[in-house]
Each structure stands twice: as structure tokens, then as C-alpha cells.
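Chemist: Here the protein sequences line up with chains A and B, keeping their order.
Just so you know, we're using the numbering used here here: the first sequence kicks off at 10 and counts up by one.
Just so you know, we're using the numbering used here here: the second sequence kicks off at 603 and counts up by one.
Handing you a structure now.
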Amino acid sequence: MKILFINNDGAGFADHIEIADGTTVEQLFRKRVNQGSPADYLIRVNRQPASSDQVLQPGDRVSFTPTKIEGAGRI
Amino acid sequence: MRFSPLAWAKLLFLRDLGPTEVGGFAISDAQDLLYLEDFVLIRQECSPVTVAFDDEAVAEFFDAQIDAGRRPAQFARVWVHSHPGTSATPSRVDEETFARVFGRSDWAVMAILAQGGQTFARLQFHTGPGGSLQIPVAVDWSRPFAASNWPDWNQEYLENVRPDEFCHHQKFREHAGPFSVSEMLDVLADDSHQFFNEKGPT
Ligand SMILES: [Zn+2]
Numbered sequence: 010m011k012i013l014f015i016n017n018d019g020a021g022f023a024d025h026i027e028i029a030d031g032t033t034v035e036q037l038f039r040k041r042v043n044q045g046s047p048a049d050y051l052i053r054v055n056r057q058p059a060s061s062d063q064v065l066q067p068g069d070r071v072s073f074t075p076t077k078i079e080g081a082g083r084i
Numbered sequence: 603m604r605f606s607p608l609a610w611a612k613l614l615f616l617r618d619l620g621p622t623e624v625g626g627f628a629i630s631d632a633q634d635l636l637y638l639e640d641f642v643l644i645r646q647e648c649s650p651v652t653v654a655f656d657d658e659a660v661a662e663f664f665d666a667q668i669d670a671g672r673r674p675a676q677f678a679r680v681w682v683h684s685h686p687g688t689s690a691t692p693s694r695v696d697e698e699t700f701a702r703v704f705g706r707s708d709w710a711v712m713a714i715l716a717q718g719g720q721t722f723a724r725l726q727f728h729t730g731p732g733g734s735l736q737i738p739v740a741v742d743w744s745r746p747f748a749a750s751n752w753p754d755w756n757q758e759y760l761e762n763v764r765p766d767e768f769c770h771h772q773k774f775r776e777h778a779g780p781f782s783v784s785e786m787l788d789v790l791a792d793d794s795h796q797f798f799n800e801k802g803p804t
């Protein structure tokens, strides 16, 4: 089945990919992210926060986006 | 790295609009990723010396940009924020974010614009042997550019920039004109308020 997958790592990715039926969010993460833990990302399915065991459905939009982007001045 | 006059004007306008730092992403030309066409604020919580993006707002920004037909390399590689005072030198927090968040991308730029006008930009890349270098910042006048749009920029600021606890401190609220660094330190030293949670800016 096909899903729309959005990932900022590496060259960045935003396209449809083919995945096996029954794939969970966690399985997709392990397959597509080489380093880091799911805690370092905001993982959303169809623009809603997703649990790791959520089973993906055809046509889902899945995004792994960065978290804790913080800057500070020097004082 | 070159800003379009529009992106540069918008960045300066937003930097100077309120009492806090501001941050966002620059939008690159599809064919020329170091030519920055626009600057977009992300919903954020800010103090005069800090800026923190809302994680969900970052995800929404990705969704909106992809729906507009852009790819991540065009909208999520040039991280821009302002500094109070005259120094655009990155802080410890800036370096930590740049390594942790942007270290996972093939390349990224940390760009800082100080209130006093100083700029800083560092390109890091992780393809081949990897490396990083400081790059010059310029405004590129050689292409056509759109006019300023203060009402929309103002609205974008109001919708995205939320002053944090620092700005609710009485000394800050009652202050007229720019806040000096020593005045900031006075507020930060006030034990009755817990700023920046357990982590202070450096
Ligand atoms: Zn900074």
C-alpha cells in the first residue's frame, strides 16, 4: 500500500512510498531513520500525534519532524 | 548566502517589531538553495534572549510547505533567529540545537542577525567527508523582488510570537524603550522568578 511520507533527515523526503500492509509507526521509523530515537521527533499521522503501535492505513500522511528547536542570545 | 530584498526586509521588520528574539526558516529558491526568497516565522515562545519553536507548529509548517509544492531542502535547511544587542555569535544553546536537530540533515545553515546589525551564518554538511564553514551573508539586488507587506508581516508576528514568562516580569513590562543587557541580567537574577526552566542561556 502507498502512504505519503515526510522526513527531514538526510536529503529530506516528501513523497509517496510503498509499505507492507500492517506496518506500524514504529516499524516505519526503524526502517527509515538510521540514527536517533523516536523521542527526538514529532511523529504525526494525518496531522495528528501518533502512537508507536499505530497501524498505518493506505493513503496516510506520516511525518517525522524535528523537535526542540531553540535558540538563545549570548548575555 | 544571499537574501532577496523582500526576505531581508521582512526579517529586519520582524526583528525590530517586539521586545523579544524571533526565529524562523528561510525559504530557498528551488534551483539555488543559498538564495533565500522569503523568511517565515514558526509559532514560538520568546524572551528578549531566547526563542523556542513549538514542535507542533514545526510539523504544521512542514505540511503547509509540502502542500505548496516545496521539498524539505527548500524550507527546512536555513534556520534563522535574531539576537539582542550587537553580537550575532552563536550561544551554547544555538550550537546544541544546530548539532542535534540540523546535524541529521545533509546540510544546513545556522543564520543569526543581531539587533545591532551583525550577521552570522555557518554552513554544515554531512555528505562526503562532512565539515562546516562560516559563509558571508548578503542581500542580492540582482533579481526582481516584491514590495514590502507590513500589515501581513505584522499579522504573522502576532499569530506566531508569544512572549514567555520573562516578558511578564514587572521590570520588563514597566520598561520603556530597549532593554539593556544589564537590565536583563537584573531580571534574570531575581530569585522570585524561574526563567528558562532549569537551563539558562549562555
Ligand atoms: Zn542565538
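We treat Cβ as the ideally placed atom computed from N, Cα and C, and that holds for glycine.
Could you tell me whether the Cβ of B/P686 comes closer than 8 Å to any Cβ of chain A?
Modeler: As a position in the second sequence, residue 686 of chain B is number 84, starting the count at 1. At least one chain A Cβ lies under 8 Å of B/P686.
Chemist: Below 7 Å, is the gap between the Cβ of B/I728 and the nearest heavy atom of ligand 1?
Modeler: Here residue 728 of chain B refers to the residue found at position 126 when the second sequence is read from its first residue. Checking the sequence, you will find His at residue 728 of chain B rather than Ile. No, Cβ of B/H728 sits at least 7 Å from all heavy atoms of ligand 1.
Chemist: With a cut-off of 8 Å, does the C-beta of A/I78 fall near any C-beta of chain B?
Modeler: As a first step, residue 78 of chain A is located in the first sequence; it is residue number 69 there, counting from the start. Cβ-Cβ to chain B under 8 Å: yes for A/I78.
Chemist: Go ahead and label B/W610 buried or exposed: buried means 16 or more other beta carbons lie within 10 angstroms of its beta carbon, across all protein chains shown.
Modeler: Against the second sequence, residue 610 of chain B aligns to sequence position 8. Buried is the call here.
Chemist: Just reading off the beta strand (DSSP E) that B/L643 is part of, what are its end residues?
Modeler: Indexing the second sequence from 1 puts residue 643 of chain B at position 41. Looking at the DSSP string, the run of the beta strand (DSSP E) that includes B/L643 is Y637 to L643.
Chemist: Could you please give the first and the last residue of the uninterrupted beta strand (DSSP E) stretch that includes A/P75?
Modeler: As a first step, residue 75 of chain A is located in the first sequence; it is residue number 66 there, counting from the start. A/P75 -> beta strand (DSSP E) spans R70 to P75.
Chemist: Alpha carbon to alpha carbon, how far is B/I629 from B/D788?
Modeler: In the second sequence, residue 629 of chain B corresponds to position 27, counting from 1. In the second sequence, residue 788 of chain B corresponds to position 186, counting from 1. In a straight line, the C-alpha of B/I629 is about 37 Å away from that of B/D788.
Chemist: In whole angstroms, give me the CA-to-CA distance for A/L65 and B/W709.
Modeler: As a working mapping, residue 65 of chain A is identified with position 56 in the first sequence. As a working mapping, residue 709 of chain B is identified with position 107 in the second sequence. Answer to the nearest angstrom: the Cα atoms are 30 Å apart.
Chemist: Am I right that A/I21 and B/G687 are in contact with their C-beta atoms under 8 Å? What's the rounded C-beta distance?
Modeler: Your numbering for residue 21 of chain A matches position 12 in the first sequence. Your numbering for residue 687 of chain B matches position 85 in the second sequence. The question names Ile, yet the displayed sequence has Gly at residue 21 of chain A. Going by Cβ atoms, the distance from A/G21 to B/G687 rounds to 34 Å, so no, they are not a contact pair.
Chemist: Is B/D766 near ligand 1, with its Cβ less than 7 Å from a heavy atom?
Modeler: Residue 766 of chain B sits at position 164 when you count from the first residue of the second sequence. Incorrect: B/D766 has no Cβ contact closer than 7 Å to ligand 1.
Chemist: Could you tell me whether any Cβ in chain B is nearer than 8 Å to the Cβ of A/N55?
Modeler: Counted from its first residue, the first sequence places residue 55 of chain A at position 46. No, because no Cβ of chain B sits closer than 8 Å to the Cβ of A/N55.
Chemist: Between which two residues does the alpha helix (DSSP H) containing A/R41 stretch?
Modeler: The residue labelled residue 41 of chain A in the question sits at position 32 within the first sequence. Unbroken alpha helix (DSSP H) run through A/R41: V34 to R41.
Chemist: For B/K801, which of helix, strand or coil comes out of DSSP?
Modeler: Here the question's residue 801 of chain B lines up with position 199 in the second sequence. For B/K801, the predicted structure reports a pLDDT of 41, less than 50, and the residue's modelled location is therefore unreliable. The matter cannot be settled from this model.
Chemist: With distances taken Cα to Cα, identify the nearest neighbour of B/D656 among B/C769, B/E776 and B/P765.
Modeler: Here residue 656 of chain B refers to the residue found at position 54 when the second sequence is read from its first residue. Per the Cα distances, B/P765.
Chemist: Skipping 5 residues on each side, what residues in its chain have a beta carbon closer than 8 Å to that of A/I15?
Modeler: In the first sequence, counting from the first residue as 1, residue 15 of chain A sits at position 6. Contacts found: F22, A23, R70, V71, S72, F73 and T74.
Chemist: For a test of the three-state rule: what should DSSP assign to B/R672, helix, strand or coil?
Modeler: Taking the second sequence and counting its residues from 1, the one referred to as residue 672 of chain B is at position 70. In this structure, B/R672 counts as coil in the three-state DSSP scheme.
Chemist: Can you round the beta-carbon distance between B/A666 and B/I644 to whole angstroms, since I take them to be within the 8 Å contact cut?
Modeler: As a working note, residue 666 of chain B is residue 64 in the second sequence. As a working note, residue 644 of chain B is residue 42 in the second sequence. That pair is no contact at about 11 Å.
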